[in-house]
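Take a look at the structure below.
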Amino acid sequence: MPELMTVDELGQYLRFTNKTVYKLLKQGAIPGIKIGNKWRFDKKAIDMWLRDRMKGQKARVLVVDDDDMIRELFREILESEGHTVITAKTGAEGIENIRQSDFNLVFLDLKMPGMDGVELFSQIKIARPELPVTIITGYPGSEMMERALKKGPLGIMNKPFKPSDVLALVNSYLRTIQPE
Numbered sequence: 330m331p332e333l334m335t336v337d338e339l340g341q342y343l344r345f346t347n348k349t350v351y352k353l354l355k356q357g358a359i360p361g362i363k364i365g366n367k368w369r370f371d372k373k374a375i376d377m378w379l380r381d382r383m384k385g386q387k388a389r390v391l392v393v394d395d396d397d398m399i400r401e402l403f404r405e406i407l408e409s410e411g412h413t414v415i416t417a418k419t420g421a422e423g424i425e426n427i428r429q430s431d432f433n434l435v436f437l438d439l440k441m442p443g444m445d446g447v448e449l450f451s452q453i454k455i456a457r458p459e460l461p462v463t464i465i466t467g468y469p470g471s472e473m474m475e476r477a478l479k480k481g482p483l484g485i486m487n488k489p490f491k492p493s494d495v496l497a498l499v500n501s502y503l504r505t506i507q508p509e
């Protein structure tokens, strides 16, 4: 039996507003069925629609982490899906990369020697204020995390994480940049 979602549920699932869902329905761009006078959406059909919609959409990602294993894990996960990944071991390398290249996303370790993640996040916001940053941390309740949150909007991904967490975050970003 198909798993059906309402307009509200679909909006939450896709992180779209209801207005966007109705706009896509009006354009015939999203798979939906009308039951009575209410729209319903088969989750499997929506997942297939998303996969088709994101074909060819690839991100250029910067990963800044002093841990070699974490950097390599991000590289393997994202490059296996066709994304471009550049890594940096220090905050100084990270900001230099941002000044020299365009990125769609940054994954940034909070606790690093030298320039910590909070300082790097501040510098990223000065150099590229619109650039989405997700802090990867094993210290989500720390004073350092509190300081980062005061610097501006950011995503947070707690360590340990699964490869599916990384891909879900990148795919969520790609959905938000799709033209409506």
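Numbering (the working numbering), first residue to last: 330 to 509.
Every residue gets a Cβ at the ideal spot worked out from N, C-alpha and C, and that includes glycine.
Model, not experiment: these values are computed from the prediction.
Lysine 488 is a Cβ neighbour of glycine 467, given a cutoff of 8 Å.
Closest by C-alpha distance to arginine 369, out of Phe490, Gln356 and Tyr351, is Tyr351. Judged by DSSP in its simplified three-state form, methionine 486 adopts strand. For phenylalanine 370, the pairing in a beta bridge is given by DSSP as Met334. Threonine 416 is bridged by DSSP to Val392.
With fewer than 16 other beta carbons inside 10 angstroms of its own, arginine 344 counts as exposed. Around asparagine 347, the same chain offers Val336, Asp337 and Gly340 as residues with beta carbons nearer than 8 Å, after the five sequence neighbours per side are excluded. Rounded to whole angstroms, the separation of the alpha carbons of lysine 367 and alanine 417 is 50 Å.
Buried is the label assigned to glycine 420, since at least 16 other Cβ atoms lie within 10 Å of its Cβ.
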